[in-house]
Amino acid sequence: MMVTGVSGQTGAGKSTLADFLSKYGLGRNLEVDAIGHELLKKAEIIDKLVKAFGSDIIDERGAVCRKSLGRKAFENDQTIARLNSIMHPAMIETVKSEIEKEAKAGKRFFIVNAALLFSMGLDDLCDKLIYVVTSPEIRLKRLVDYRKWSEETAKERLFAQDSMPEGRSDIIMVRNDSTEEELARTAELLAQTLKNSSTGANFE
């Protein structure tokens with residue numbers, strides 16, 4: 001089974017690209033962020049988060065308030081590291097389990113879509129790697145226009161995720177400064193190229 005890893009910074013369009021690649025035959029798109037959201041419902045994870053960040057991250061229903069957790073967790077590098085030390089091991093194990101499940105089911109292709117693909121070491125589980133690149137100005141506009149974030153919040157998160165590792169020839173770079181229709185056309189071509197096991201180049 002060929003596992004394709006897709007990454008890119010906030011607002012670059014990595015999830016949109018991953019959806020298109022899935023549509024064009026590269027297998028199920030596993031959203032690693034969504035795994036993290038599901039893990040927030042697990043008692044053992046909740047317990048660790050409360051010990052690390054305080055009981056005020058829990059709302060009146062007894063669930064983790066992601067907004068409250070985010071405020072505390074993204075305060076500085078130390079708090080981010082604390083959050084990651086709790087969440088990442090469980091997320092990585094879930095990704096491994098999903099890959100095994102797909103392989104046992106005889107699937108030929110699978111997509112791992114993660115903002116922190118490289119820093120979490122998930123790239124080691126992938127056969128092909130794609131990084132979506134978009135200018136900071138366009139990413140900021142997308143976050144404000146489409147995600148309805150305040151400009152201040154958007155600027156805080158703009159560079160908070162993995163940048164493309166330098167000196168790696170195994171990463172396919174996809175430029176996404178244009179329209180969604182153009183990205184769809186790029187994805188269709190790229191999916192066909194990868195399915196044919198061709199070597200990747202830059203798709204700009």
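Take my numbering: the last position of the sequence shown gets the number 204, and nothing is skipped along the way.
Glycine included, each C-beta is placed from N, C-alpha and C at the ideal position.
In whole angstroms, give me the CA-to-CA distance for A103 and F110.
9 Å
Where V32 and N113 are concerned, what is the direct C-alpha to C-alpha distance, given to the nearest angstrom?
6 Å
Among the residues of its own chain, which have a CB less than 8 Å from the CB of T79, if the five just before and after it don't count?
F53, K72 and A73
With respect to the beta strand (DSSP E) encompassing E31, which residues constitute its N-terminal and C-terminal limits?
R28 to E31
Among all the DSSP beta bridges, which residues are the ones paired with S7?
Y131
So within the region 50 to 124, which uninterrupted alpha helix (DSSP H) runs reach at least 4 residues, ignoring any that extend past its ends?
66 to 73 and 77 to 104
Closest Cα partner of D19 within the set H37, T193 and L183:
L183
Among M1, S7 and V3, whose alpha-carbon lies nearest the alpha-carbon of V133?
S7
Quick check on D123: buried or exposed, where buried means 16 or more other Cβ atoms within 10 Å of its Cβ?
buried
Under a three-way DSSP split, which group does K175 fall into?
According to the sequence shown, residue 175 is Arg rather than Lys. Note: R175 maps to strand in three-state DSSP.
Straight-line gap, L40 to I46 (C-alpha atoms, nearest Å)
6 Å
DSSP bridge partner residues for M164 (one or two, in chain order):
BP columns for M164 are empty, so no partner.
Burial state of S22 (16 or more Cβ within 10 Å):
buried
Are there any heavy atoms of the ligand FAD lying less than 7 Å away from the beta-carbon of A90, as far as the coordinates show?
Absence of the ligand FAD from the depicted structure is noted, as is the absence of any ligand whatsoever, leaving it without description.
Could you tell me the boundaries of the alpha helix (DSSP H) in which A191 lies?
E180 to K195
Starting from D170, trace the alpha helix (DSSP H) in both directions and tell me its first and last residue.
Looking at the DSSP string, D170 is not in any alpha helix (DSSP H), and its letter there is neither H nor E.
I believe L190 touches V174 by the beta-carbon criterion, under 8 Å. Please report the beta-carbon distance rounded to the nearest angstrom.
7 Å
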